[in-house]
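Take a look at the structure set out below.
Number of protein chains: 2
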Amino acid sequence: MRSIGKRVELLRVVAHPVRIRILDELLKGVKCVSDFEEFLSISQPNVSQHLSLLRQYGVVDYYMDGRLRCYFLKDPIIPDILEVLKKDYMEELPAPACCPVTKKGTYPGERRR
Amino acid sequence: MRSIGKRVELLRVVAHPVRIRILDELLKGVKCVSDFEEFLSISQPNVSQHLSLLRQYGVVDYYMDGRLRCYFLKDPIIPDILEVLKKDYMEELPAPACCPVTKKGTYPGERRR
DNA sequence: TGCAAATATTATTATATATGAATATAAAAC
DNA sequence: GTTTTATATTCATATATAATAATATTTGCA
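Residue numbers (my numbering), protein chains in the order written: chain A, 2 to 114; chain B, 2 to 114.
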């Protein structure tokens, strides 16, 4: 079981516009590097660098097919993260009705804001 | 409705060990700055800096109670992110059984890895 | 065997982020 | 009105991250 620290680290690795697009694309199926190169319109070395990072953190893996590397999703947290990321949220969370849990708060008091 | 770019940005803001702990604590209820200072054992200015960033991105808000600032969660995506982050995942995702969706792949071929 | 295709790695540089220290602000208490 | 308490802001610096360019590796194929 992964520590909370490791999970946050993973979140940081994933929280990048290009890498999110890569992962979202992998959600649909296996893809090779040159597919991403085209799809993302970024340089091949840069695609490889992002994939390398994702591999390093166990987020993706690949198999070889001739000289292609076919990448696929490996970490099961990824589909869940992508789902939350795409979900629509209509409202803000309800403001707390009463009484901070803080030891110092003396609510109810004036709400100045 | 928030763009996907904004969502990824938000994810990046959230993907920090201290800020995750702050948010996880706010999940339990309202807290003020000095509570965090104690709980996180980091300096007051640093707590304020993290809270400032979270405010800037609409993740949290606060009300004033005397000279205390009582912070609370505002963005509804946060509980969902925290839930995914805490969830236990037992297995890796199943490796793709067949046939890359890539235009270049010629699978089935030898799986070298 | 040598060439071309697909991908990876390394080095460099620019930029962003994080933290600590110092200072500022704002409200309450006296 | 001055002091104290709670919090915010600013500045400086260290560190991490990102992208580009150049080069290396690996594999299939002529």
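All C-beta atoms, glycine included, are put in the ideal place defined by N, C-alpha and C. Since the model is a prediction, treat every value here as computed from it, not as a measurement.
On a CA-only basis, which of the options is nearest residue i? Give me that one, please.
i: B/Lys32; options: B/Ala98, B/Tyr72, B/Val9 and B/Leu83; result: B/Tyr72
i: B/Leu182; options: A/Gly59, A/Leu94, A/Leu86 and A/Val85; result: Within the shown structure, residues of chain B are numbered from 2 to 114, placing residue 182 of chain B beyond reach of any answer.
i: A/Met91; options: B/Glu10, B/Asn47 and B/Ile78; result: B/Ile78
i: B/Lys7; options: A/Leu86, A/Ser35 and A/Pro46; result: A/Leu86
Which word fits residue i, buried or exposed, when buried means at least 16 other C-beta atoms lie within 10 angstroms of its C-beta?
i: B/Ile5; result: exposed
i: B/Leu69; result: buried
i: A/Lys88; result: exposed
i: B/Thr107; result: Any reading at B/Thr107 must be qualified, since the residue scores a pLDDT of 44, below 50, and its modelled position is unreliable; the value itself is stated next. Classification for B/Thr107: exposed.
i: B/Leu28; result: exposed
i: A/Phe37; result: buried
i: B/Lys75; result: buried
Could you name the residues of the same chain whose beta carbon sits closer than 7 Å to that of residue i, not counting the 5 residues immediately before and after it, in chain order?
i: A/Ile82; result: Val15
i: A/Ile43; result: Val19
i: A/Gly30; result: none
What does residue i reach in chain B if we use C-beta pairs closer than 8 Å?
i: A/Glu93; result: Lys75, Asp76 and Pro77
i: A/Leu24; result: Here the premise fails: no neighbours, minimum Cβ distance about 11 Å.
Leaving out five residues on either side along the sequence, give the residues of the same chain with a beta carbon under 6 Å from the beta carbon of residue i.
i: A/Ser53; result: none
i: B/Tyr63; result: Arg70, Cys71 and Tyr72
Counting only Cβ pairs nearer than 7 Å, list the residues of chain A close to residue i.
i: B/Pro18; result: Gly6 and Val9
i: B/Ala96; result: Phe73
i: B/Tyr90; result: Pro77 and Ile78
Listing by chain order, which chain B residues have their CB less than 7 Å from the CB of residue i?
i: A/Ile82; result: Val85
i: A/Ile21; result: Val9
i: A/Leu52; result: Neighbours of A/Leu52 on chain B: none; closest Cβ ~14 Å, over 7 Å.
In its own chain, which residues sit with a C-beta less than 8 Å from the C-beta of residue i, not counting the 5 before and 5 after it?
i: A/Asp25; result: Leu83
i: A/Arg20; result: Val14, His51, Leu54 and Leu55
i: B/Met65; result: Cys71
i: B/Glu10; result: Tyr58
Which chain A residues are close to residue i, counting only those with a beta carbon under 8 Å from its beta carbon?
i: B/Arg56; result: Ordered by position in chain A, no residue passes the 8 Å Cβ test against B/Arg56, which lies about 12 Å from the chain.
Residues of chain A with CB closer than 9 Å to the CB of residue i, please, in chain order.
i: B/Leu28; result: Result: empty, since nearest Cβ-Cβ is about 10 Å, beyond 9 Å.
Quick one: which chain B residues come within Cβ less than 9 Å of residue i?
i: A/Leu41; result: What A/Leu41 touches in chain B: nothing, since even the nearest Cβ is about 14 Å away.
Since residue i sits in a beta bridge, which residues does DSSP pair it with?
i: A/Val61; result: A/Leu74
i: A/Glu66; result: For clarity, residue 66 of chain A is Asp in the given sequence; the question names Glu instead. According to DSSP, which records beta bridges pairwise, A/Asp66 is partnered with A/Leu69.
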